[in-house]
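Written out below as C-alpha cells is the structure these notes cover.
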Amino acid sequence: MGKVGKLREFVSRTSALRSFGEAVVRVPLAIVLIGTGCLLNPPPPAPRVDLGVVDEIGNSTPVRMFGGWYAIPRLTNPERELFEAWMFQEDEDFPSAIEVLDGALEAYGEMPALYGARGSLLTAMGFLRAAERDFEQAAKLEPEDPQVWCALGRVRLALDLPARAAASLRRARELGADPPELSVLLARCLRRIGRVEHALEEYTKALEDPRGARAEIYREAGKLVVEGEQDATEPALEQACGWLELATRLEPDNPEGWFVRARILALRGEVAGSLGAFERALELDPEAVEVWTHLALFALRAGRGETCLEAADRALGFENDRGRRAALQHLKRLAVAAPPADQSTKR
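In this note's numbering, the protein residues as written are 132 to 478.
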C-alpha cells in the first residue's frame with residue numbers, strides 16, 4: 132500500500148479526531164493532514180503546541196499535539212488537492228497526481244499554484260512541452276513570482292531553448308531570486324549560445340556561494356574552460372585548476388574530475404601533474420577510451436613517444452569508430468617519428 136493509501140486508512144480510523152474537523156499523521160520532516168487539510172511546508176524544526184506553524188500561504192496555524200502526532204486544523208481547498216497530488220507523486224503515481232490537479236483546475240478555475248504543480252509533474256514525466264505551457268500560464272497569472280520563472284527557465288533549457296530559458300531566468304533574478312542553482316542554469320544557457328565568458332562569470336558566482344560549491348559544478352565549470360582551450364587565458368586556467376583541485380578533493384574517486392584536471396594541467400604545460408592526473412583517472416576507469424585518447428595526444432605534444440604509443444594502443448583496444456581508430460593509428464606513426472622530449476620541458 133502506498134503513502135496515500137496508508138494515510139487514508141489512518142484517517143478512516145481516526146473518527147474521533149475527524150469529528151472535530153481534523154485528521155493527523157506524522158511523516159518524517161513534514162507535518163501533514165489528509166482528508167480535511169494539507170501539507171504544511173516547510174515545517175518548523177521542532178514543532179511545539181505554543182508556537183504553531185506558518186503554512187505555505189503565510190498564515191499562522193496553531194498546532195495541537197497528541198503524543199507525538201500533530202493535529203492541524205482544516206485548511207481550505209485547493210490545498211487538499213495539492214497535498215494529495217504531492218502524495219501520489221511521492222508514490223510515483225504520476226497519472227493519478229495529474230488527474231487530481233486536472234480536477235482541481237476544473238473545480239476552482241485557473242490558479243497559478245495548480246498550474247505550477249502540474250507543470251512540475253509533467254516535467255518529471257518527460258512531457259516538457261506541456262510543462263512549458265503550464266509554467267507559462269502560471270507566469271501569466273502570477274508574473275511577480277520568481278519561482279515560476281525559474282521553473283519556466285529550467286524546462287526551456289531542457290527543451291534546448293537556451294536563449295528563451297536565459298530570458299526567463301533573468302526575469303527570476305530581477306524579481307529577487309538568486310540561488311546558486313539559478314546561476315548554474317544561466318551558465319548552461321550561455322554556454323549553449325556560445326557566450327563562454329559570461330557563462331564562466333555565472334559559474335564563478337555560483338561557486339562563490341557555499342550552497343553551490345559542489346564537485347559536480349566545479350567539474351562542469353572546468354570542462355567549459357578546456358573545451359575552449361584555444362581561447363583560454365592564463366587567469367581562466369588558473370581559476371579552473373583551483374576548481375578541479377577542489378573537485379578531486381571532494382570526490383577523489385570520480386574519474387571525470389581527474390580527467391578534466393589532467394586536461395587543464397596539460398593546457399598550463401604542467402607535464403608531470405597532468406600525467407599524474409591522467410593516471411589517476413585511468414586507475415578509476417581503465418576502459419575510458421576518451422581518456423586514453425587524450426593522454427596519447429598530450430603525450431605526443433609533450434614529446435613522450437612511449438607514453439603516446441602505449442595510450443594509443445590501449446585506446447584502440449576500446450575504440451570501435453573507424454575514423455577515430457584511423458586517427459589513433461596516425462598518432463602512433465607520429466610518435467614513432469617524433470624526436471625525444473626536450474629535457475627542459477616544464478614539469
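Ideal Cβ placement from N, Cα and C applies to all residues, glycine included.
If you draw a straight line from the Cα of ALA261 to the Cα of GLU358, it is about 34 Å long. Taken in chain order, the complete alpha helix (DSSP H) segments of 4 residues or longer contained in the segment 218 to 251 are 225 to 239. Under the Cβ criterion (8 Å, minimum of three pairs), the segment 224 to 240 counts as touching the segment 250 to 264. DSSP places ALA469 in no alpha helix (DSSP H); its state is neither H nor E. Each residue's CA atom was taken as its position, placing GLU305 and PHE214 some 30 Å apart. Apart from sequence neighbours up to five positions away, the residues of its chain that approach THR438 with a beta-carbon distance below 6 Å are ALA430, ordered along the chain. For ARG302, the enclosing alpha helix (DSSP H) covers residues 293 to 305.
When C-alpha distances from ARG301 are compared across ALA289, ASP291, ALA282, LEU290, the shortest belongs to ALA282.
Collapsing the DSSP output to three states places GLY404 in a helix. At the C-beta level, TYR239 and ASP265 stay beyond 8 Å of one another. Going by DSSP, GLU358 is part of the alpha helix (DSSP H) stretching over 346 to 358. Taken through DSSP and simplified to helix, strand or coil, ASP444 comes out as helix.
Taking a C-beta distance under 8 Å as the contact criterion, ALA303 and LEU313 qualify as a contact pair. Between ARG399 and CYS372, the CB-CB gap stays under 8 Å. Here DSSP, grouped into helix, strand and coil, assigns THR364 to coil.
With 16 or more neighbouring CB atoms inside 10 Å of its own CB, VAL391 falls in the buried class. Judged by beta-carbon spacing, VAL279 lies within the 8 Å limit of ALA269, meaning their Cβ atoms are closer than that value.
According to the DSSP assignment, ASP265 belongs to the alpha helix (DSSP H) that extends over 259 to 272. Rounded to whole angstroms, LEU338 and ALA466 show a C-alpha spacing of 40 Å. Annotated three-state conformation of PRO311 is helix, per DSSP.
Between the C-alpha atoms of GLN460 and LYS336 there is a straight-line separation of about 43 Å. Per DSSP, reduced to three states, the secondary structure at PHE429 is helical. The Cβ-Cβ distance between ALA397 and GLY388 does not fall below 8 Å. Taken atom to atom, the span from the alpha-carbon of ARG464 to that of ARG455 is near 14 Å. For the pair ALA298 and ASP444, the Cα-to-Cα distance works out to about 47 Å. Taking the Cβ atoms as the reference, VAL402 lies roughly 5 Å from ALA433, within the contact range of under 8 Å.
For ALA419, there is no enclosing alpha helix (DSSP H), as DSSP gives it neither H nor E.
If you check the CB distance, ALA308 and TYR334 do not come in under 8 Å. Excluding sequence positions up to five before and after ILE324, its CB lies within less than 7 Å of the CB of PRO293, ALA294, all in the same chain and listed in chain order. Excluding its 5 nearest sequence neighbours in each direction, GLY234 has C-beta neighbours in its own chain below 8 Å: GLU212, listed in chain order. Rounded to whole angstroms, LEU321 and ASP416 show a C-alpha spacing of 31 Å. Taking the CA atoms as reference points, PRO386 sits about 24 Å from PRO341.
Shown here, GLY388 sits in a helix according to DSSP, grouped into three states. LEU428 sits away from VAL422, with the two beta carbons spaced by 8 Å or more.
Note that the C-beta distance between LEU368 and ILE348 is not below 8 Å.
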